[in-house]
Structures are given as structure tokens and as C-alpha cells.
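Numbering (this note's numbering), first residue to last: 150 to 322.
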């Protein structure tokens with residue numbers, strides 16, 4: 150049951166298509182009504198100073214977000230104390246919006262960004278969200294916050310489900 154029409158796009162970046170991060174993303178989508186895109190299923194190449202990759206899936210994905218959504222939620226497992234390669238590559242490609250697609254980049258102003266991270270066990274640091282928060286600030290986007298979900302052997306615990314529900318309500322404000 151969705152809280153309200155929030156127009157949220159969740160981008161999941163995980164090397165394991167049906168793993169714990171996927172479980173968290175699906176639960177968040179159920180709660181928030183979020184549309185989910187798996188970055189691993191998109192052809193998004195690394196940032197290229199020669200802009201030879203302009204025909205991959207990055208620009209269409211950004212255009213879809215700008216036309217249809219208000220909030221971008223990045224969902225990532227924590228690998229080696231940082232975000233997944235898929236999320237990092239997506240963020241690096243935002244550089245295209247500062248060079249060859251400046252008009253699209255300007256349209257990010259006033260939109261929102263948020264972060265969901267996931268681990269097995271309760272390991273994460275509050276500074277984990279800092280690159281996302283600073284990126285949002287630089288782009289003129291509101292950073293709505295970060296929620297971390299720790300997965301147990303039996304799945305998402307009740308307390309973490311409640312955290313996801315509270316986070317969805319926060320994004321609705």
C-alpha cells in the first residue's frame with residue numbers, strides 16, 4: 150500500500166540481481182509506490198571525456214527521471230566501505246549533465262535525492278551518505294536523507310521494516 154503519490158524513482162545498483170539489496174528495494178517500493186530500475190540491467194558506461202558513450206542508457210534514464218519523478222533514491226549494498234560500482238558509475242555520469250547536457254543538468258535543481266544502503270550485519274558509518282549528500286547539494290537537489298537496512302538470515306526484521314516505512318513517509322513530505 151503506497152503512502153501517497155510521491156513520484157519516486159529508485160535506482161538499485163547491486164552485483165547480485167536477486168540478493169538482499171533487491172529484497173530491500175522491493176520492500177521500499179511496496180511501501181512508497183516507487184518505480185524501480187535496476188542499474189545492472191542498463192547499459193551505462195563509465196564517464197568518458199570524449200563523450201563517445203552518449204548513446205548508452207544514461208541520458209534516457211535521466212530524461213525519464215526529469216519528466217516523470219520528483220525524487221531519486223539510490224539503493225546500494227555497502228561493498229568495501231563504499232557504494233556499489235553501478236551506483237558510482239551512475240554518479241560519475243552526472244558529469245555529462247555538467248558538460249554536454251547542461252540543460253538537463255539544470256533541470257535537476259529542485260528535485261530530491263535520497264539513499265538506502267544495505268549490509269549483512271549492522272556495519273556502516275554515518276559518513277557513508279556524505280558523497281550522495283554533497284552531490285545532491287552541488288546539483289541543487291534536496292538531500293532527503295539516508296536509511297541503512299541490515300539484513301538478517303531471516304530477511305528484513307520488523308525494526309528495519311519500520312525504518313523503511315518512516316523513510317518513505319519522510320520522502321513524502
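Using N, Cα and C, we set each Cβ at its ideal position, and we do this for glycine too.
| Query | Result |
| --- | --- |
| Residues sharing a beta bridge with residue 304, DSSP | 301 |
| Which of helix, strand or coil DSSP assigns to residue 189 | helix |
| Residue range of the unbroken beta strand (DSSP E) whose run includes residue 267 | 261-269 |
| One or two residues paired with residue 292 in a DSSP bridge | 262 |
| At least three beta-carbon pairs within less than 8 Å, the region 210-230 to the region 159-173 | yes |
| Segment limits, alpha helix (DSSP H) that includes residue 161 | First-last for residue 161: 157-161, but that is the beta strand (DSSP E), not the alpha helix (DSSP H). |
| Residue 225: first and last residue of the uninterrupted beta strand (DSSP E) it sits in | 220-226 |
| Alpha helix (DSSP H) segment containing residue 254, residue limits | 251-255 |
| Beta carbon of residue 266 nearer than 8 Å to that of residue 277 | yes |
| Simplified DSSP assignment, three categories, for residue 248 | coil |
| Paired residues, beta bridge with residue 184 - DSSP | 158 |
| Span separating the alpha-carbon of residue 244 from that of residue 291 | 18 Å |
| Short Cβ contact (8 Å threshold) for residue 253 with residue 246 | yes |
| Extent of the continuous alpha helix (DSSP H) run through residue 278 | Segment: none, residue 278 is in no alpha helix (DSSP H) and carries neither H nor E. |
| Alpha-carbon spacing of residue 169 relative to residue 315, whole angstroms | 20 Å |
| C-alpha distance - residue 185 paired with residue 264, whole-angstrom precision | 14 Å |
| Neighbourhood of residue 192 by C-beta, 6 Å cutoff - its chain only, sequence neighbours within 5 removed | 205, 206 |
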